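In our numbering, the protein residues as written are 78 to 371.
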């Protein structure tokens, strides 16, 4: 009977079984594929039995491997939670929030002072990135993600859907032909987000027949860049109303038609399973939901 087994080998077995391949497990563990294979061989040698069947598509758990994988996976989840608890106990309460730069600058940061007044004991760290973070590996407590809400293995709730409005630099409209109907926008250069979907969807929602001009024009990865291009007179842009509020108030942009439209993508509040039980996470989640409603 095997009395003890290397913890790293067991962790490697769990990752390979969960991900179905050596390369994916290596990326998750931040080691080389060769190191993963070595740990699996070590574990199988110590046990005297095969845990995986090598197939063309990858690795498949044997009957023996499949029998113990769920229990070992649950055990490592408990270990990770215990370590997270120790980290939370150590020092002051801290909260790391990850979101895209535009949402952070235009919506979250201007409101964050109200949270600090309510919870001065909680230190908030905002990470502005367009990358899809690994919440456990990167130690992110709350993510505010822009998408369709499909984030498997995480607790997800819809926060808000931005309303898009058509805007332009005042000179673009004044020096061109007047805009009376949504279809008139096709007579101007259109500025797009990265997937070029918003203009065609907006025009279709307002009864404009399909037109190839709806997908032409410069595209930008970030809404902030899109707003800057519109303010520079490069064309018409569909942008979240909240993001353009200051630009419209200052006169750098004008809303060219009173035709708001809900965006296809929404912002979602994302946390690790069970994270809401931590007081600082619950406080932030409750606060931001209230802010989104008001």
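We treat Cβ as the ideally placed atom computed from N, Cα and C, and that holds for glycine.
As the structure is a prediction and not an experimental result, all values here were calculated from the model.
Check your understanding: Are residue 250 and residue 316 close, meaning C-beta to C-beta below 8 Å?
Key -> Counting from one through the chain shown, the residue named residue 250 turns up at place 173. Counting from one through the chain shown, the residue named residue 316 turns up at place 239. Against a cut-off of 8 Å, the Cβ pair of residue 316 and residue 250 comes out as no contact.
Practice item. Rounded to whole angstroms, what's the CA-CA distance from residue 100 to residue 110? Just pull it up for me. Key: Counting from one through the chain shown, the residue named residue 100 turns up at place 23. Counting from one through the chain shown, the residue named residue 110 turns up at place 33. Spanning the two alpha carbons is a distance of roughly 5 Å.
Review point. Got a sec? Which residues, its chain only, sit under 7 Å from residue 142 by beta carbon, not counting five neighbours each side?
Key: Sequence index remark: in the chain shown, residue 142 carries index 65 (1-based). Answer for residue 142: 94, 128, 129, listed in chain order.
Review point. Whose C-beta lies closer than 6 Å to the C-beta of residue 217 among residues of the same chain, with five residues either side of it excluded?
Key: Against the chain shown, residue 217 aligns to sequence position 140. 173, 175, 210.
Practice item. Could you have a look at residue 199 and say whether DSSP puts it in helix, strand or coil? Key: As a position in the chain shown, residue 199 is number 122, starting the count at 1. Three-state DSSP puts residue 199 in a strand.
**Study point:** Start-to-end residues for the beta strand (DSSP E) that takes in residue 113
**Key:** Residue mapping note: residue 113 aligns to position 36 of the chain shown, counting from 1. Unbroken run through residue 113 is the alpha helix (DSSP H), 110 to 124; no beta strand (DSSP E).
Review point. Ordered along the chain, which non-local residues of its own chain (more than five positions away) have a Cβ less than 7 Å from that of residue 283?
Key: Taking the chain shown and counting its residues from 1, the one referred to as residue 283 is at position 206. Result list for residue 283: 259, 336, in chain order.
Practice item. Find out if the Cβ-Cβ distance for the pair residue 347, residue 231 is shorter than 8 Å. Key: Here the question's residue 347 lines up with position 270 in the chain shown. Here the question's residue 231 lines up with position 154 in the chain shown. Cβ distance < 8 Å, so residue 347 and residue 231 count as in contact.
Review point. Smallest Cα separation from residue 338: which of 292, 352, 280?
Key: Taking the first residue of the chain shown as position 1, residue 338 is located at position 261. Cα-wise, what sits closest to residue 338 is 280.
Check your understanding: Quick one: what's got a C-beta closer than 8 Å to residue 123's C-beta in the same chain, skipping five residues either side?
Key -> Taking the first residue of the chain shown as position 1, residue 123 is located at position 46. Result list for residue 123: 79, 82, 83, 86, in chain order.
Practice item. Indicate the three-state DSSP secondary structure (helix, strand or coil) for residue 362 in the structure shown. Key: Start at 1 with the first residue of the chain shown, and residue 362 comes out as number 285. The answer is helix: DSSP assigns residue 362 an H, G or I state.
Exercise for review: Would you kindly check if the distance between the Cβ of residue 112 and the Cβ of residue 92 is under 8 Å?
Suggested key: Numbered from its first residue, the chain shown carries residue 92 at position 15. Numbered from its first residue, the chain shown carries residue 112 at position 35. No; because the gap between Cβ atoms is not below 8 Å, this pair is not in contact.
Review point. For residue 317, which residues does DSSP report across the bridge?
Key: The residue given as residue 317 occupies position 240 in the chain shown. Looking at the DSSP assignment, residue 317 forms a beta bridge with 241.
Exercise for review: Jot down the residue ranges of each uninterrupted alpha helix (DSSP H) in the stretch 231 to 306, minimum 4 residues, whole runs only, in chain order.
Suggested key: 247 to 251, 275 to 282
**Study point:** Start-to-end residues for the alpha helix (DSSP H) that takes in residue 95
**Key:** Within the chain shown, the letter at position 18 stands for residue 95. Its alpha helix (DSSP H) spans residues 84 to 96.
**Study point:** Run of the alpha helix (DSSP H) containing residue 220, from where it starts to where it stops
**Key:** Translated into the one-based positions of the chain shown, residue 220 becomes position 143. It is not in any alpha helix (DSSP H) - residue 220 instead sits in the beta strand (DSSP E) that spans 219 to 224.
Check your understanding: By how many angstroms is the C-alpha of residue 135 removed from the C-alpha of residue 107?
Key -> As a working mapping, residue 107 is identified with position 30 in the chain shown. As a working mapping, residue 135 is identified with position 58 in the chain shown. Taking the straight line from one Cα to the other gives about 19 Å.
Check your understanding: Around the Cβ of residue 253, are there at least 16 other Cβ atoms within 10 angstroms (buried) or fewer (exposed)?
Key -> Mapped onto the chain shown, residue 253 falls at position 176. Confidence is the limiting factor: at residue 253 the pLDDT is only 47, short of 50, which leaves the residue's position unreliable, though a coordinate-based value still follows. Residue 253 is exposed by the Cβ-count criterion.
Practice item. Identify whether residue 135 lies in helix, strand or coil by the three-state DSSP scheme. Key: In the chain shown, residue 135 corresponds to position 58, counting from 1. Correct three-state label for residue 135: strand.
**Study point:** Residue range of the unbroken alpha helix (DSSP H) whose run includes residue 101
**Key:** Sequence index remark: in the chain shown, residue 101 carries index 24 (1-based). Here the alpha helix (DSSP H) through residue 101 covers 99 to 106.
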